[in-house]
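Protein chains in written order, with the working numbering: chain A, 747 to 858; chain B, 3 to 116.
From the three backbone atoms N, C-alpha and C, an ideal C-beta is built for every residue, glycine too.
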């Protein structure tokens, strides 16, 4: 079993839709939860960063962390064609090391 | 441009050859990470430096792989006797010390081993 599970998609939605992206994880030591966006042939760029449980909002993006269920989500409101990319969840924390564990990424297509 | 840079951006090599990649982190970042990413997968951790000290290596990093950060600034990743399975995107990221903060990724080096 992978430490972080993420549905690879692809997920195709019409412009303006609300998008929900999710990850589950198994290691309860994770404390820091991130969402990265990766365009084709580019390095990942950080979208959202959350410590422990709770919600965080930034513009059209909302990140949620439920540590009791080991489940994290990213919501994108009013999705735009420019949001079409691969979205990677990532986690780190007191795991005995410094590494960040990434999900496989979900490919999102937003159709105009 | 003050972001993370990587060189080369693309590398094609024949099986058995050695290759070396370079990463220049953001100047004030003392933490540096190397990752490997294959198609349809997220980045996989390879190794981590704090300043010039290599503090963690993944079990994925076979003895054909070596990384250095001699002066705590730029880093190199060398792969000896390349194999076709080494074909991947190699990503570098840097980060400030202190409470966990954003890792800034470079554009990656795409390696193809023929």
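Taking the Cα of residue 769/A as reference, the smallest distance to any Cα among 830/A, 831/A and 813/A is reached at 813/A.
Using a Cβ-Cβ cut-off of 9 Å, residue 848/A counts as an interface residue toward chain B, since at least one Cβ of chain B sits closer than that to its own.
By the criterion of a C-beta distance shorter than 7 Å, residue 70/B is surrounded in its chain by 77 and 78, once the five residues flanking it on both sides are discounted. Membership of residue 39/B in the beta strand (DSSP E) is indicated by the continuous run 33-39.
Looking at 40/B, 19/B and 25/B, the one whose alpha-carbon comes closest to that of residue 34/B is 25/B. Here residue 852/A really is in contact with residue 752/A; their C-beta atoms are around 6 Å apart, less than 8 Å.
Straight-line spacing of the CA atoms in residue 824/A and residue 806/A works out to 7 Å.
Excluding the 5 residues flanking it on each side, residue 749/A has same chain C-beta neighbours closer than 7 Å at 771, 772, 773 and 847, in chain order. With a 10 Å radius around the Cβ and a threshold of 16 neighbouring Cβ atoms, residue 111/B comes out buried. The beta carbons of residue 93/B and residue 849/A sit no closer together than 9 Å. Under the 9 Å criterion on CB atoms, residue 86/B is classed as non-interfacial with respect to chain A.
Distances from the alpha-carbon of residue 7/B to those of 27/B, 23/B and 15/B put 27/B closest. With its beta carbon at least 9 Å from every one in chain B, residue 775/A lies outside the interface.
With fewer than 16 other Cβ atoms inside 10 Å of its own Cβ, residue 758/A counts as exposed. For residue 8/B, the three-state secondary structure derived from DSSP is strand.
Here residue 829/A has 822, 854 and 856 as same chain residues with Cβ atoms under 7 Å from its own Cβ, once five neighbours each way along the sequence are excluded.
Residue range 67-70 is occupied by the beta strand (DSSP E) that includes residue 70/B. Between the beta-carbon of residue 105/B and that of residue 90/B there is about 18 Å, and that puts the pair past the 8 Å contact cut. At a cut-off of 9 Å between C-beta atoms, residue 813/A does not count as an interface residue with respect to chain B.
No Cβ of chain A is located within less than 9 Å of the beta carbon of residue 64/B.
At a Cβ-Cβ threshold of 9 Å, residue 21/B and residue 113/B count as neighbours. Taking C-beta atoms as the reference points, residue 820/A and residue 765/A count as a pair closer than 9 Å. Put simply, the CB of residue 817/A is far from chain B, with every gap to its CB atoms at 9 Å or more.
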